[in-house]
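Chemist: Using my numbering, you'd call the opening residue of the sequence shown number 552 and step up by one each time.
Positions of the beta carbon are idealized from the N, C-alpha and C atoms, including for glycine.
One structure, pasted below without further comment.
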Amino acid sequence: MSPTKRASKAVTFSSHGGVDVLELVESPPPAPGPGEVVVEVLAAGINHIEAYVRQGLFADDVPVAFPQHQGTDFSGIVTAIGEGVTSFAKGSEVLGHAVMASHANYIVVPQSSLVAKPASLSWEVAGSLFLAGLAANDAVEAVRVAPGDIVVISAAAGGVGSMEAHLAMARGAKVIGTCGERNFDYLRQIGVKPVVYGDGLADRIREIARGNVTAYLDNFGKDNPAVAQELEVAPARFRSSENRRDIEVQALKPTAEQSEAHTRVLAKLAGLAADRTLNVLISGFYPLDRVHEAFEDLEQRHARGKIVLGMRPVDNSFHGLGNRKVRDEHERT
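Encoded structure:
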(Lines of atoms letter the chains of each structure in order from A; the text may use other names.)
(Lines give C-alpha, C1' and ligand atoms only; values in the text may rest on other atoms or scores of the structure.)
Protein backbone atom coordinates (compact mmCIF):
# COMPACT_ATOMS: atom_id res chain seq x y z
CA MET A 552 0.00 0.00 0.00
CA SER A 553 1.43 3.37 -0.97
CA PRO A 554 1.92 6.00 1.73
CA THR A 555 -0.33 8.99 2.12
CA LYS A 556 0.52 11.88 -0.18
CA ARG A 557 0.88 14.54 2.51
CA ALA A 558 3.88 15.03 4.77
CA SER A 559 3.33 14.29 8.45
CA LYS A 560 3.76 16.85 11.20
CA ALA A 561 4.25 15.62 14.75
CA VAL A 562 4.92 17.02 18.21
CA THR A 563 8.28 15.95 19.63
CA PHE A 564 10.69 16.95 22.39
CA SER A 565 14.47 16.49 22.44
CA SER A 566 15.08 17.17 26.13
CA HIS A 567 13.13 17.11 29.35
CA GLY A 568 11.53 20.38 30.34
CA GLY A 569 8.54 22.67 30.16
CA VAL A 570 6.27 23.37 27.22
CA ASP A 571 9.07 25.32 25.54
CA VAL A 572 10.86 22.05 24.62
CA LEU A 573 7.93 20.93 22.45
CA GLU A 574 8.58 21.15 18.72
CA LEU A 575 6.43 20.56 15.65
CA VAL A 576 8.54 18.63 13.15
CA GLU A 577 7.82 17.47 9.61
CA SER A 578 8.66 13.98 8.41
CA PRO A 579 8.11 11.87 5.28
CA PRO A 580 4.59 10.53 4.83
CA PRO A 581 4.09 7.24 6.68
CA ALA A 582 3.33 3.87 5.13
CA PRO A 583 1.70 0.91 6.90
CA GLY A 584 3.35 -2.45 7.44
CA PRO A 585 1.53 -5.79 7.64
CA GLY A 586 -1.44 -5.55 10.01
CA GLU A 587 -1.08 -1.78 10.28
CA VAL A 588 -3.08 1.22 9.13
CA VAL A 589 -2.31 4.88 8.54
CA VAL A 590 -4.78 7.22 10.22
CA GLU A 591 -5.17 10.90 9.50
CA VAL A 592 -5.70 12.20 13.01
CA LEU A 593 -8.47 14.79 13.30
CA ALA A 594 -8.53 15.15 17.10
CA ALA A 595 -6.20 14.01 19.88
CA GLY A 596 -6.67 14.50 23.60
CA ILE A 597 -3.84 15.63 25.85
CA ASN A 598 -3.15 14.18 29.30
CA HIS A 599 -1.27 15.11 32.45
CA ILE A 600 1.01 12.08 32.30
CA GLU A 601 2.27 13.25 28.90
CA ALA A 602 3.41 16.47 30.56
CA TYR A 603 5.01 14.51 33.42
CA VAL A 604 6.94 12.29 30.99
CA ARG A 605 8.15 15.36 29.08
CA GLN A 606 9.23 16.97 32.37
CA GLY A 607 11.24 13.86 33.26
CA LEU A 608 9.14 12.95 36.30
CA PHE A 609 8.62 9.35 35.15
CA ALA A 610 12.04 8.70 33.65
CA ASP A 611 12.39 5.35 35.44
CA ASP A 612 8.88 4.16 34.56
CA VAL A 613 8.69 5.49 31.01
CA PRO A 614 12.12 5.69 29.35
CA VAL A 615 12.23 8.01 26.33
CA ALA A 616 14.48 8.19 23.28
CA PHE A 617 15.06 11.73 22.01
CA PRO A 618 13.59 13.08 19.86
CA GLN A 619 10.52 11.64 21.55
CA HIS A 620 7.00 11.75 20.13
CA GLN A 621 3.98 11.93 22.43
CA GLY A 622 0.23 11.33 22.63
CA THR A 623 -2.03 8.32 23.23
CA ASP A 624 -5.61 9.35 22.36
CA PHE A 625 -6.88 10.03 18.85
CA SER A 626 -9.73 9.89 16.38
CA GLY A 627 -9.50 10.15 12.62
CA ILE A 628 -9.90 8.55 9.22
CA VAL A 629 -8.01 5.60 7.78
CA THR A 630 -6.00 6.69 4.73
CA ALA A 631 -4.03 3.52 3.97
CA ILE A 632 -4.02 -0.12 5.05
CA GLY A 633 -1.26 -2.69 5.16
CA GLU A 634 -1.25 -6.31 4.12
CA GLY A 635 -3.60 -8.50 6.15
CA VAL A 636 -5.80 -5.68 7.43
CA THR A 637 -9.39 -6.85 7.35
CA SER A 638 -11.19 -4.89 10.07
CA PHE A 639 -10.91 -1.44 8.47
CA ALA A 640 -10.79 0.08 5.00
CA LYS A 641 -9.63 3.31 3.47
CA GLY A 642 -12.09 5.97 4.63
CA SER A 643 -13.09 4.18 7.86
CA GLU A 644 -13.81 6.55 10.74
CA VAL A 645 -12.01 5.37 13.85
CA LEU A 646 -10.80 6.16 17.34
CA GLY A 647 -7.92 4.45 19.00
CA HIS A 648 -4.82 4.46 21.14
CA ALA A 649 -1.19 4.91 20.18
CA VAL A 650 2.06 4.43 22.07
CA MET A 651 3.37 7.98 22.50
CA ALA A 652 2.61 9.01 18.92
CA SER A 653 -0.86 10.50 18.44
CA HIS A 654 -0.01 14.22 18.57
CA ALA A 655 0.54 14.24 14.83
CA ASN A 656 -1.57 14.62 11.74
CA TYR A 657 -0.71 11.11 10.44
CA ILE A 658 0.16 8.03 12.49
CA VAL A 659 0.72 4.32 11.85
CA VAL A 660 -0.93 1.94 14.33
CA PRO A 661 -1.85 -1.75 14.46
CA GLN A 662 -5.42 -2.43 13.39
CA SER A 663 -5.87 -4.01 16.85
CA SER A 664 -5.56 -0.54 18.41
CA LEU A 665 -8.61 0.82 16.60
CA VAL A 666 -12.34 0.96 17.22
CA ALA A 667 -14.97 2.02 14.70
CA LYS A 668 -16.22 5.50 15.58
CA PRO A 669 -19.97 5.61 16.31
CA ALA A 670 -21.64 8.03 13.93
CA SER A 671 -23.17 10.03 16.79
CA LEU A 672 -19.82 10.61 18.49
CA SER A 673 -18.00 13.87 17.75
CA TRP A 674 -14.37 13.78 16.64
CA GLU A 675 -13.30 15.73 19.74
CA VAL A 676 -14.95 13.38 22.21
CA ALA A 677 -13.82 10.28 20.31
CA GLY A 678 -10.28 11.63 20.25
CA SER A 679 -10.18 12.26 23.99
CA LEU A 680 -11.68 9.06 25.38
CA PHE A 681 -8.79 6.66 25.68
CA LEU A 682 -6.39 7.44 28.53
CA ALA A 683 -8.77 9.26 30.88
CA GLY A 684 -11.47 6.71 30.14
CA LEU A 685 -9.09 3.80 30.72
CA ALA A 686 -8.09 5.18 34.13
CA ALA A 687 -11.69 5.98 35.08
CA ASN A 688 -12.97 2.56 34.06
CA ASP A 689 -10.14 0.87 35.97
CA ALA A 690 -10.96 2.79 39.15
CA VAL A 691 -14.71 2.15 39.02
CA GLU A 692 -14.16 -1.54 38.26
CA ALA A 693 -11.51 -1.92 40.97
CA VAL A 694 -13.74 -0.68 43.81
CA ARG A 695 -16.78 -2.50 42.38
CA VAL A 696 -19.16 0.45 42.36
CA ALA A 697 -22.72 -0.79 42.70
CA PRO A 698 -26.26 0.56 43.20
CA GLY A 699 -26.64 2.29 46.56
CA ASP A 700 -22.95 3.19 46.91
CA ILE A 701 -21.93 6.65 48.06
CA VAL A 702 -18.72 7.41 46.18
CA VAL A 703 -16.35 10.32 46.77
CA ILE A 704 -14.23 11.40 43.79
CA SER A 705 -11.41 13.90 44.26
CA ALA A 706 -10.69 16.38 41.44
CA ALA A 707 -14.09 15.37 40.07
CA ALA A 708 -14.26 18.14 37.47
CA GLY A 709 -11.14 16.97 35.64
CA GLY A 710 -10.93 14.59 32.69
CA VAL A 711 -10.58 11.37 34.70
CA GLY A 712 -12.70 12.48 37.65
CA SER A 713 -15.68 13.51 35.51
CA MET A 714 -15.57 10.22 33.59
CA GLU A 715 -15.40 8.31 36.89
CA ALA A 716 -18.47 10.23 38.03
CA HIS A 717 -20.48 9.32 34.94
CA LEU A 718 -19.44 5.66 35.11
CA ALA A 719 -20.25 5.45 38.83
CA MET A 720 -23.65 7.10 38.41
CA ALA A 721 -24.43 4.75 35.53
CA ARG A 722 -24.02 1.92 38.05
CA GLY A 723 -26.53 3.50 40.41
CA ALA A 724 -24.16 5.22 42.83
CA LYS A 725 -24.51 8.63 44.46
CA VAL A 726 -21.39 10.71 43.75
CA ILE A 727 -19.81 13.47 45.82
CA GLY A 728 -17.02 15.33 44.06
CA THR A 729 -14.28 17.49 45.54
CA CYS A 730 -13.33 20.59 43.56
CA GLY A 731 -12.83 24.34 43.76
CA GLU A 732 -15.95 26.47 44.08
CA ARG A 733 -15.64 27.62 40.45
CA ASN A 734 -16.56 24.07 39.37
CA PHE A 735 -19.61 23.64 41.62
CA ASP A 736 -22.12 24.50 38.89
CA TYR A 737 -20.49 22.15 36.40
CA LEU A 738 -20.58 19.20 38.82
CA ARG A 739 -24.20 19.91 39.73
CA GLN A 740 -25.09 19.93 36.03
CA ILE A 741 -23.71 16.41 35.57
CA GLY A 742 -25.43 15.08 38.70
CA VAL A 743 -22.55 15.24 41.20
CA LYS A 744 -22.84 16.84 44.64
CA PRO A 745 -19.85 19.21 44.92
CA VAL A 746 -17.77 19.82 48.03
CA VAL A 747 -14.83 22.20 48.32
CA TYR A 748 -11.50 20.63 49.21
CA GLY A 749 -9.32 21.80 52.11
CA ASP A 750 -9.34 21.59 55.91
CA GLY A 751 -12.46 19.97 57.33
CA LEU A 752 -13.17 18.04 54.14
CA ALA A 753 -14.28 14.86 55.92
CA ASP A 754 -16.88 16.75 57.96
CA ARG A 755 -18.26 18.46 54.85
CA ILE A 756 -18.49 15.13 53.05
CA ARG A 757 -20.39 13.56 55.97
CA GLU A 758 -22.88 16.42 55.97
CA ILE A 759 -23.56 15.98 52.25
CA ALA A 760 -23.50 12.17 52.23
CA ARG A 761 -26.10 11.64 54.96
CA GLY A 762 -24.88 8.08 55.12
CA ASN A 763 -21.68 6.07 55.05
CA VAL A 764 -19.24 6.77 52.24
CA THR A 765 -18.62 3.35 50.71
CA ALA A 766 -15.95 4.08 48.06
CA TYR A 767 -13.34 6.75 47.40
CA LEU A 768 -11.59 7.46 44.09
CA ASP A 769 -8.60 9.76 44.54
CA ASN A 770 -7.13 11.65 41.58
CA PHE A 771 -5.15 14.21 43.54
CA GLY A 772 -3.25 12.61 46.42
CA LYS A 773 -2.18 14.91 49.27
CA ASP A 774 -4.66 14.57 52.17
CA ASN A 775 -7.20 12.37 50.35
CA PRO A 776 -5.94 9.02 51.71
CA ALA A 777 -6.24 10.41 55.24
CA VAL A 778 -9.74 11.71 54.53
CA ALA A 779 -10.80 8.30 53.22
CA GLN A 780 -9.48 6.71 56.42
CA GLU A 781 -11.33 9.27 58.55
CA LEU A 782 -14.52 8.38 56.67
CA GLU A 783 -13.80 4.69 57.40
CA VAL A 784 -13.77 3.67 53.76
CA ALA A 785 -12.64 0.06 53.47
CA PRO A 786 -9.09 -0.17 52.04
CA ALA A 787 -10.32 -2.40 49.21
CA ARG A 788 -12.70 0.36 48.14
CA PHE A 789 -10.13 3.16 48.04
CA ARG A 790 -8.40 3.84 44.71
CA SER A 791 -5.35 6.07 45.02
CA SER A 792 -3.73 8.55 42.65
CA GLU A 793 -0.79 6.11 42.56
CA ASN A 794 -3.13 3.41 41.21
CA ARG A 795 -4.20 5.84 38.49
CA ARG A 796 -0.59 6.61 37.66
CA ASP A 797 0.18 2.91 37.32
CA ILE A 798 -2.62 2.30 34.79
CA GLU A 799 -1.58 5.38 32.79
CA VAL A 800 2.08 4.30 32.76
CA GLN A 801 0.97 0.88 31.57
CA ALA A 802 -0.85 2.53 28.66
CA LEU A 803 2.39 4.25 27.59
CA LYS A 804 4.29 0.97 27.32
CA PRO A 805 1.73 -1.84 27.01
CA THR A 806 2.35 -5.46 26.23
CA ALA A 807 0.45 -6.86 23.24
CA GLU A 808 -2.04 -8.49 25.60
CA GLN A 809 -2.55 -5.26 27.55
CA SER A 810 -3.01 -3.30 24.34
CA GLU A 811 -5.76 -5.65 23.18
CA ALA A 812 -7.47 -5.33 26.57
CA HIS A 813 -7.23 -1.54 26.29
CA THR A 814 -8.97 -1.67 22.91
CA ARG A 815 -11.83 -3.63 24.43
CA VAL A 816 -12.22 -0.99 27.14
CA LEU A 817 -12.12 1.77 24.52
CA ALA A 818 -14.90 0.06 22.54
CA LYS A 819 -17.01 -0.05 25.69
CA LEU A 820 -16.34 3.63 26.42
CA ALA A 821 -17.19 4.63 22.85
CA GLY A 822 -20.54 2.90 23.16
CA LEU A 823 -21.29 4.60 26.47
CA ALA A 824 -20.31 7.97 25.05
CA ALA A 825 -22.41 7.41 21.93
CA ASP A 826 -25.56 6.76 23.97
CA ARG A 827 -24.76 9.67 26.32
CA THR A 828 -24.27 7.50 29.40
CA LEU A 829 -20.75 8.91 29.44
CA ASN A 830 -20.71 12.65 28.73
CA VAL A 831 -17.32 14.22 28.04
CA LEU A 832 -16.93 17.98 28.30
CA ILE A 833 -14.39 19.42 25.84
CA SER A 834 -13.17 22.58 27.59
CA GLY A 835 -10.35 23.45 25.19
CA PHE A 836 -9.75 22.83 21.48
CA TYR A 837 -6.38 23.94 20.08
CA PRO A 838 -4.81 23.63 16.62
CA LEU A 839 -1.78 21.35 16.54
CA ASP A 840 0.57 24.29 16.08
CA ARG A 841 -0.67 25.73 19.39
CA VAL A 842 0.26 22.63 21.38
CA HIS A 843 2.30 24.78 23.79
CA GLU A 844 -0.82 26.74 24.75
CA ALA A 845 -2.84 23.55 25.12
CA PHE A 846 -0.40 22.11 27.64
CA GLU A 847 -0.07 25.42 29.47
CA ASP A 848 -3.84 25.32 29.88
CA LEU A 849 -3.74 21.71 31.09
CA GLU A 850 -0.86 22.23 33.50
CA GLN A 851 -2.64 25.07 35.29
CA ARG A 852 -4.95 22.30 36.60
CA HIS A 853 -8.08 24.40 36.25
CA ALA A 854 -9.53 22.80 33.11
CA ARG A 855 -12.84 20.98 33.29
CA GLY A 856 -13.19 17.80 31.29
CA LYS A 857 -10.76 17.34 28.41
CA ILE A 858 -8.48 19.50 26.27
CA VAL A 859 -8.05 18.40 22.66
CA LEU A 860 -5.71 19.14 19.75
CA GLY A 861 -7.26 19.54 16.29
CA MET A 862 -5.05 18.56 13.38
CA ARG A 863 -6.70 20.29 10.42
CA PRO A 864 -9.63 22.65 9.85
CA VAL A 865 -12.92 20.80 9.95
CA ASP A 866 -16.49 21.77 10.70
CA ASN A 867 -16.47 22.61 14.40
CA SER A 868 -19.73 20.76 14.93
CA PHE A 869 -17.97 17.62 13.64
CA HIS A 870 -21.36 16.45 12.43
CA GLY A 871 -21.80 18.58 9.31
CA LEU A 872 -20.35 18.91 5.84
CA GLY A 873 -16.77 19.17 7.09
CA ASN A 874 -16.93 15.60 8.33
CA ARG A 875 -18.32 14.34 5.03
CA LYS A 876 -15.84 16.38 2.98
CA VAL A 877 -12.79 14.93 4.72
CA ARG A 878 -14.09 11.36 4.44
CA ASP A 879 -14.98 11.76 0.77
CA GLU A 880 -11.49 13.05 0.04
CA HIS A 881 -9.90 9.88 1.45
CA GLU A 882 -12.28 7.60 -0.42
CA ARG A 883 -11.37 9.29 -3.73
CA THR A 884 -7.57 9.22 -3.30
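Counting Cβ pairs, one atom from each stretch, are 3 or more of them under 8 Å apart for the segment 666-680 and the segment 586-597?
Modeler: Judged by Cβ distances under 8 Å, the segment 666-680 makes contact with the segment 586-597, as three or more pairs qualify.
Chemist: Quick check on DSSP: helix, strand or coil for Lys857?
Modeler: Reduced to three states, the DSSP call for Lys857 is strand.
Chemist: Between the beta-carbon of Asp700 and the beta-carbon of Ala766, is there less than 8 Å?
Modeler: Yes, the Cβ-Cβ distance between Asp700 and Ala766 is below 8 Å.
Chemist: Identify the continuous alpha helix (DSSP H) that holds Tyr603 and give its terminal residues.
Modeler: Note, Tyr603: alpha helix (DSSP H), His599 to Gln606.
Chemist: Under three-state DSSP, which class holds Arg863?
Modeler: Here Arg863 sits in coil by DSSP.
Chemist: Could you tell me the distance, in whole angstroms, from the CA atom of Asp736 to the CA atom of Leu820?
Modeler: The alpha-carbon atoms of Asp736 and Leu820 are separated by roughly 25 Å.
Chemist: Between the Cα of Pro544 and the Cα atoms of Ile628, Ser578, Ala753 and Ser673, which residue gives the shortest distance?
Modeler: In the structure as shown, the chain begins at 552 and stops at 884. Residue 544 is therefore absent and cannot be evaluated.
Chemist: Roughly how many angstroms separate the alpha carbons of Ala716 and Val576, rounded to a whole number?
Modeler: Going from the Cα of Ala716 to the Cα of Val576 covers about 38 Å.
Chemist: Name the DSSP beta bridge partners of Tyr657, please?
Modeler: Per DSSP, Glu591.
Chemist: Leaving aside the five residues before and after Met714 along the sequence, list all residues of the same chain whose C-beta is less than 6 Å from its C-beta, in chain order.
Modeler: The answer, listed in chain order, is Ala683, Gly684 and Ala687.
Chemist: Using a threshold of 8 Å, state whether the C-beta atoms of Val570 and His843 are closer than that.
Modeler: Going by C-beta atoms, Val570 is nearer than 8 Å to His843.
Chemist: Leaving aside the five residues before and after Ala561 along the sequence, list all residues of the same chain whose C-beta is less than 7 Å from its C-beta, in chain order.
Modeler: Once the five neighbours on either side are set aside, the close Cβ partners of Ala561 are Val576, Ser578, His620, His654 and Ala655.
Chemist: Of the choices Val696, Ala649, Gly723 and Ser638, whose alpha-carbon is the least far from that of Ser626?
Modeler: Of the listed residues, the one whose Cα sits closest to Ser626 is Ala649.
Chemist: Helix, strand or coil for Ser810? Go by DSSP, reduced to three states.
Modeler: Three-state DSSP puts Ser810 in a helix.
Chemist: Using CA atoms only, rank isn't needed, just tell me which of Ile756, Thr828, Ser792 and Pro583 is closest to Lys773.
Modeler: For the residues Ile756, Thr828, Ser792 and Pro583, the minimum Cα distance to Lys773 belongs to Ser792.
Chemist: When you compare only the Cα positions, how much space is there between His853 and Leu832?
Modeler: So the alpha carbons of these two residues sit roughly 14 Å apart.
Chemist: In this structure, how does DSSP classify His620 when only helix, strand and coil are distinguished?
Modeler: In this structure, His620 counts as strand in the three-state DSSP scheme.
Chemist: For a quick check, are the C-beta atoms of Leu782 and Ile741 less than 8 Å apart?
Modeler: Not closer than 8 Å, so no.
Chemist: Taking only the alpha-carbon atoms, compute the straight-line gap between Gly822 and Pro669 and give it to the nearest angstrom.
Modeler: Between Gly822 and Pro669, the C-alpha separation is close to 7 Å.
Chemist: Per DSSP, Lys560 is paired with what?
Modeler: Looking at the DSSP assignment, Lys560 forms a beta bridge with Glu577.
Chemist: Grouping DSSP H, G and I as helix and E and B as strand, with all else coil, what is Leu768?
Modeler: Three-state result, Leu768: strand.
Chemist: Can the beta-carbon of Ala602 be found less than 8 Å from the beta-carbon of Phe846?
Modeler: It is a contact, given that the beta carbons lie within the stated cut-off.
Chemist: Mind checking whether Gly712 and Asn770 have CB atoms under 8 Å apart?
Modeler: Contact flag set, yes.
Chemist: So the candidates are Gly635, Val676 and Ser565; which of them puts its Cα closest to the Cα of Ala824?
Modeler: Ala824 has its Cα closest to that of Val676, out of Gly635, Val676 and Ser565.
Chemist: What first and last residue would you give for the alpha helix (DSSP H) that runs through Ile741?
Modeler: Counting along the chain, Ile741 falls outside any alpha helix (DSSP H), and DSSP gives it neither H nor E.
Chemist: Cα separation between Phe789 and Ile704?
Modeler: Distance between the alpha carbons of Phe789 and Ile704 is about 10 Å.
Chemist: Roughly how many angstroms lie between the CA atoms of Leu849 and Pro583, to the nearest whole one?
Modeler: Distance between the alpha carbons of Leu849 and Pro583: 32 Å.
Chemist: Determine the extent of the beta strand (DSSP E) in which Phe609 is found, giving its start and end residues.
Modeler: Premise fails: Phe609 is in no beta strand (DSSP E) and is neither H nor E.
Chemist: Does the beta-carbon of Ala667 have 16 or more other beta-carbons within 10 angstroms, so that it is buried, or is it exposed?
Modeler: It counts as exposed.
Chemist: Give the C-beta separation of Leu803 and Val588 to the nearest angstrom, bearing in mind that I take them to be a contact with Cβ-Cβ under 8 Å.
Modeler: So it is not a contact: roughly 21 Å between Cβ atoms.
Chemist: Sorted by chain position, which residues of the same chain lie with C-beta nearer than 8 Å to Arg733's C-beta, five sequence neighbours on each side aside?
Modeler: Result list for Arg733: His853, in chain order.
Chemist: Can you grab the Cα-Cα spacing for the pair Leu829 / Gly856, in whole Å?
Modeler: Their Cα atoms are separated by approximately 12 Å.
Chemist: Take Val816 and list the residues in its own chain whose beta-carbon comes closer than 6 Å to its own, dropping the five residues that flank it on each side.
Modeler: Closer than 6 Å at the Cβ level, and outside the excluded window around Val816, lie Leu685 and Asn688.
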